[in-house]
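See below for the structure under consideration.
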Amino acid sequence: MKMLSKKDNELLMLAMKTDTASKGDYLLIEDEKVKKKMIAQIYDEEYLSSQSLIEDIVKDEVVTASSTENLHDPLNIGILSRMLRDARMFRAKIRAAIDLSDKLSSDVTWIPSRVYSKVRRLKISELDSLLGRTGVFPIPLGKAGVDNEELEIYAEDLDGKLNIITGRKESGNSHLSKKLVKTLVQHGACVIVFDLNNEYRGIGCKQDGSPSSLADQTIVLEPGNGLTFTLGYCGKAAISNMLKNALDMPAASLREFFRIWDWLENKQTLDIEALGNAINTWNINELVRDALISRHHVIQASRIFDDNGKGDGGFRFENLIAKKCGGLAMIFNLGRVTPVVRRMIVELVLSKLVDLLEKMLIPPVFLFAEEAHLYVRDTYWEDIITRMRHFGIYATFVTNQPDAISDGIYRQVDNIFLFNFTNDIDLDKISKVSLADNDTIRSIVRTLPQRHCLSIGRIVCDLPIVIKIAALEVLTLGETKKFFIK
Amino acid sequence: MLKGKKFSFIKNDKTFVPLDGWGSKSTPYCTATITTIQPIKEDTMIYAIDSSSIQVAETEEGSLYAVKSGITMAINGCELMHFKIGPVLFYLSEETIRYSTLDHRLTKFVLFDNDLAKRLIRIRVERAIQMELSRQFSKSIILIDGSLKSSIFESKNQSIKNVAENCSLYRNSIIGISKASKLKVLDRVSLPLTKIQGPAYMDIDLIIQSLVRNTIGNNLMVKLGNNSIPVLRADIVTTHGDKDESLGKLLGNDSIIQGYPETLRLAHHISTFTSTETSCLIGHVLSNYDVTEIASEDIRKTLLGSIPV
Chain W
0 MKMLSKKDNE
10 LLMLAMKTDT
20 ASKGDYLLIE
30 DEKVKKKMIA
40 QIYDEEYLSS
50 QSLIEDIVKD
60 EVVTASSTEN
70 LHDPLNIGIL
80 SRMLRDARMF
90 RAKIRAAIDL
100 SDKLSSDVTW
110 IPSRVYSKVR
120 RLKISELDSL
130 LGRTGVFPIP
140 LGKAGVDNEE
150 LEIYAEDLDG
160 KLNIITGRKE
170 SGNSHLSKKL
180 VKTLVQHGAC
190 VIVFDLNNEY
200 RGIGCKQDGS
210 PSSLADQTIV
220 LEPGNGLTFT
230 LGYCGKAAIS
240 NMLKNALDMP
250 AASLREFFRI
260 WDWLENKQTL
270 DIEALGNAIN
280 TWNINELVRD
290 ALISRHHVIQ
300 ASRIFDDNGK
310 GDGGFRFENL
320 IAKKCGGLAM
330 IFNLGRVTPV
340 VRRMIVELVL
350 SKLVDLLEKM
360 LIPPVFLFAE
370 EAHLYVRDTY
380 WEDIITRMRH
390 FGIYATFVTN
400 QPDAISDGIY
410 RQVDNIFLFN
420 FTNDIDLDKI
430 SKVSLADNDT
440 IRSIVRTLPQ
450 RHCLSIGRIV
460 CDLPIVIKIA
470 ALEVLTLGET
480 KKFFIK
Chain E
0 MLKGKKFSFI
10 KNDKTFVPLD
20 GWGSKSTPYC
30 TATITTIQPI
40 KEDTMIYAID
50 SSSIQVAETE
60 EGSLYAVKSG
70 ITMAINGCEL
80 MHFKIGPVLF
90 YLSEETIRYS
100 TLDHRLTKFV
110 LFDNDLAKRL
120 IRIRVERAIQ
130 MELSRQFSKS
140 IILIDGSLKS
150 SIFESKNQSI
160 KNVAENCSLY
170 RNSIIGISKA
180 SKLKVLDRVS
190 LPLTKIQGPA
200 YMDIDLIIQS
210 LVRNTIGNNL
220 MVKLGNNSIP
230 VLRADIVTTH
240 GDKDESLGKL
250 LGNDSIIQGY
260 PETLRLAHHI
270 STFTSTETSC
280 LIGHVLSNYD
290 VTEIASEDIR
300 KTLLGSIPV
């Protein structure tokens, strides 16, 4: 490989067919004269093209199409000519430099010699050692680079961070998300998943359907089946948040509700049945009563709450987390509930988690939210990424609609896992707000195969790496259901 | 003096022929009769040969040249196959030329004039191929780019005359077709042919033989297609002097597009050097023969500046 030119932070390299490198690979450019090194990443690949070369190819094509060719080429010039036709130009972005003490530096103000520079592909392991990318809790994601080197990120780099997994549908978003959930649980983390498609429960099963090593640590919760709160456990704040944000209860009705709540609490009869009775007999405006009754009916129908508080005490986060101290995947199955109930669950869960984290009753939790725009209210986004991070809720948003996430969130994101996008609008959106440069995003992401992602951010020390996500050894549910079965 | 004259302007030293001929003033030359050509659908192999040579490099003692040839074969209107021969390198210097059979004066010319050297190499390679074709096949038509004219660059036993003799011996016909002629009179002579609807030829033996020495065979102006297509000069050597039959078989077995045989067109294309090939040749020389490339400059560009002239 030879350097041809440099413009801004972009290098143009000449490569022959034998130079094995591809988009996303890192190159080490070593200037032997000044003993300096530079790291660049290939982001685009094209043919070495000149008008005469194109004319030659066209001419040859026309000639060979019209009659059978026989060659007598004693000097084998034809081989050279074919090599030239297959010559490629790599466009690479300068990412860093290596100083005389072999330390990574951002001093890229020098230009490597075109004559004395040696260019070679940098292995991922070499890159890791240069970056000093190590950790205690590895998450093996898959392979990277032309040599298919194993690549692992570290759970520490997801800890306390805001992450986004995005790509077009069926490109492998959920696959990676499940892999992260599984490994975080294996490392003892408490992970909460808002599962829209009832697919994360497969983490508890092996490919053949038998229980996996995480079977005991995977808890699937759905209304009426494990997910039943008591009003007392949720607390007035969480319930009022739910009524206000999920059920759009007006302020006047909410005030009456508080009065009823306080009365029932004083009487120590706080349950759904008593609440219903109180609403019916309370001395209030009939319109307010109607509003309260309708909300009460929705709450009753949702099956989220213990009807009379006489059950087994209802679901308690702190109990479950304390019981599964070796790691826990708490999967909230939102696939089979109505959008209103979905919003109610999310509102309750987030409010309660914040409450418990504030009281330090539970350790920090990782939150994985699939297509969160469908159930998280607009104002909650900011809460999640700013306030909740401080309480100890570390969110990972999984979506195939990058425009569903606002620019404000992208700007605060620490890690992005980008899967394939071919749509220009999506690419525009991502490239504008991403942590990497526009050219890299547009060129690499557009051609990523299925289950390959471009990882950007803290997890890769801000040097984007293309990773081929390994297969999951657990049951991967969530495939698109089809009518015509092959 | 110029008033009322018809002009055909010359651009970039290229030859242009008036689309509708020169008009009535050309008629005084037009005394030859026109014979129409009927395609003969009798299977006859057509072999077309063309070659080109370039100067690759210069040394203190001589020059390095490369030559490339193309042979195409067609029958019954279909191209069968083509052979690309080369590129082959030739190094001409006093030392290498000393052992050749070239005339002493000619070697001096060749060493001093690169164009002559290129011509020498091309003609010798072409004649060698023509000799082989003329004795390996029979009852075929061999097409050559250019006129059938003896050259001072030919070797004694591989001259165009030897090729023609072989053709007679093996009952082959040889046709030399020139795309353009330096003899301006021929443009005017060929006017009646442009008015003819189909393929036809006219004998110009007398004109050619009065102007050029060393040509062989019959000299004709031919039009190989219909409508307004260029009229070409063709020199032809046939076994029994039956020009009509040879030209008829050519029309019947080769594809004629825009009045030019497709085999000859293809031979031209496969024998010309492309800029990629030239670059590859330089690369081959640099990497295989332990040579050193020295810095050089384009004198014209240096002296005249970068404005294209």
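The listed protein sequences derive, respectively, from chains W and E.
At position 438 of the first sequence (counting the first as 1) the number is 437 in numbering that gives the first Met the number 0, and the numbers step up by one without a gap.
At position 28 of the second sequence (counting the first as 1) the number is 27 in numbering that gives the first Met the number 0, and the numbers step up by one without a gap.
Note that CB positions come from ideal geometry on N, CA and C, so glycine has one too.
Bear in mind the structure is a predicted one, so any value in this text is a computation, not a measurement.
is_contact[residue i, chain W] using C-beta, thresh 8 angstroms
i, result
"Cys279 (chain E)", "yes"
"Thr58 (chain E)", "no"
"Lys147 (chain E)", "Checking the sequence shown, residue 147 (chain E) turns out to be Leu, not Lys. No, no contact with chain W."
"Phe111 (chain E)", "no"
"Ile84 (chain E)", "yes"
"Leu79 (chain E)", "yes"
"Leu256 (chain E)", "In the sequence as displayed, the identity of residue 256 (chain E) is Ile instead of Leu. Output row for Ile256 (chain E): interface = no."
"Ile141 (chain E)", "no"
"Leu249 (chain E)", "no"
"Thr106 (chain E)", "no"
"Thr291 (chain E)", "no"
"Thr301 (chain E)", "no"
"Thr71 (chain E)", "yes"
Boundaries (first-last residue) of the alpha helix (DSSP H) holding residue i
i, result
"Gln129 (chain E)", "Asn113 to Gln135"
"Gly201 (chain W)", "Taken as a continuous stretch (DSSP letters only), Gly201 (chain W) belongs to no alpha helix (DSSP H), as it is neither H nor E."
"Cys279 (chain E)", "Ser274 to Asn287"
"Cys166 (chain E)", "Ile159 to Leu168"
N- and C-terminal bounds of the beta strand (DSSP E) containing residue i
i, result
"Phe390 (chain W)", "Here Phe390 (chain W) belongs to no beta strand (DSSP E); instead the alpha helix (DSSP H) covers Met387 to Phe390."
"Ile202 (chain E)", "Sequence check: residue 202 (chain E) is Asp here, not Ile. Residues Ala199 to Asp202."
"Asn217 (chain E)", "Asn217 to Lys222"
Where residue i meets chain E, residues with beta-carbon distance less than 9 angstroms
i, result
"Ser100 (chain W)", "Ordered by position in chain E, no residue passes the 9 angstroms Cβ test against Ser100 (chain W), which lies about 39 angstroms from the chain."
"Ser68 (chain W)", "Checking the sequence shown, residue 68 (chain W) turns out to be Glu, not Ser. The contacting residues are Met80, His81, Phe82, Lys83 and Ile269."
Neighbour list for residue i in chain W, Cβ cutoff strictly below 8 angstroms
i, result
"Ser51 (chain E)", "Near Ser51 (chain E) there are no residues of chain W at all, since even the closest Cβ is about 14 angstroms away, more than 8 angstroms."
"Leu88 (chain E)", "Leu74"
"Leu265 (chain E)", "Val62, Ser65 and Ser66"
Euclidean distance between Cα positions of residue i and residue j
i, j, result
"Ser65 (chain W)", "Gly145 (chain E)", "24 angstroms"
"Ala266 (chain E)", "Asp49 (chain E)", "5 angstroms"
"Arg84 (chain E)", "Asp18 (chain W)", "Checking the sequence shown, residue 84 (chain E) turns out to be Ile, not Arg. When rounded, the distance between both Cα atoms is 31 angstroms."
"Asp423 (chain W)", "Ile440 (chain W)", "11 angstroms"
"Arg113 (chain W)", "Asp101 (chain W)", "21 angstroms"
"Lys160 (chain W)", "Ile344 (chain W)", "24 angstroms"
"Lys34 (chain W)", "Leu79 (chain E)", "60 angstroms"
"Thr238 (chain E)", "Val221 (chain E)", "19 angstroms"
"Ala294 (chain E)", "Gly282 (chain E)", "15 angstroms"
"Phe8 (chain E)", "Arg187 (chain E)", "16 angstroms"
"Lys2 (chain E)", "Arg104 (chain E)", "48 angstroms"
"Ala290 (chain W)", "Pro463 (chain W)", "53 angstroms"
"Glu9 (chain W)", "Arg302 (chain W)", "59 angstroms"
C-beta neighbour in chain E for residue i, strict 8 angstroms
i, result
"His451 (chain W)", "no"
"Lys142 (chain W)", "no"
"Asp55 (chain W)", "yes"
"Thr17 (chain W)", "no"
"Lys178 (chain W)", "no"
"Ser65 (chain W)", "yes"
"Val62 (chain W)", "yes"
"Leu47 (chain W)", "no"
"Leu3 (chain W)", "no"
"Leu83 (chain W)", "yes"
Listed by chain order, chain E residues near residue i by CB distance under 7 angstroms
i, result
"Val487 (chain W)", "The structure shown does not extend to residue 487 (chain W), since chain W is modelled only from 0 through 485, so no value can be given for it."
"Leu79 (chain W)", "Cys279, Gly282 and His283"
Nearest-angstrom beta carbon gap, residue j and residue i [assumed within contact, 8 angstroms]
i, j, result
"Gly187 (chain W)", "Gly391 (chain W)", "Contact flag wrong, Cβ pair sits at about 15 angstroms."
"Thr227 (chain W)", "Asp305 (chain W)", "5 angstroms"
"Asn172 (chain W)", "Val397 (chain W)", "5 angstroms"
"Gln299 (chain W)", "Glu472 (chain W)", "Contact doesn't hold; Cβ gap of about 42 angstroms is too wide."
"Ile159 (chain E)", "Lys117 (chain E)", "Going by Cβ atoms, the distance from Ile159 (chain E) to Lys117 (chain E) rounds to 18 angstroms, so no, they are not a contact pair."
"Gly251 (chain E)", "Glu41 (chain E)", "7 angstroms"
Amino acids of chain E, ordered along the chain, whose beta-carbon sits closer than 8 angstroms to that of residue i
i, result
"His71 (chain W)", "Phe82, Lys83, Ile84 and Gly85"
"Lys58 (chain W)", "His268 and Thr273"
Chain W residues whose Cβ lies nearer than 7 angstroms to that of residue i
i, result
"Ser274 (chain E)", "Ser51"
Within chain W, the residues that residue i reaches when beta carbons sit closer than 9 angstroms
i, result
"Thr43 (chain E)", "The contacting residues do not exist; Thr43 (chain E) stays about 17 angstroms from chain W at best."
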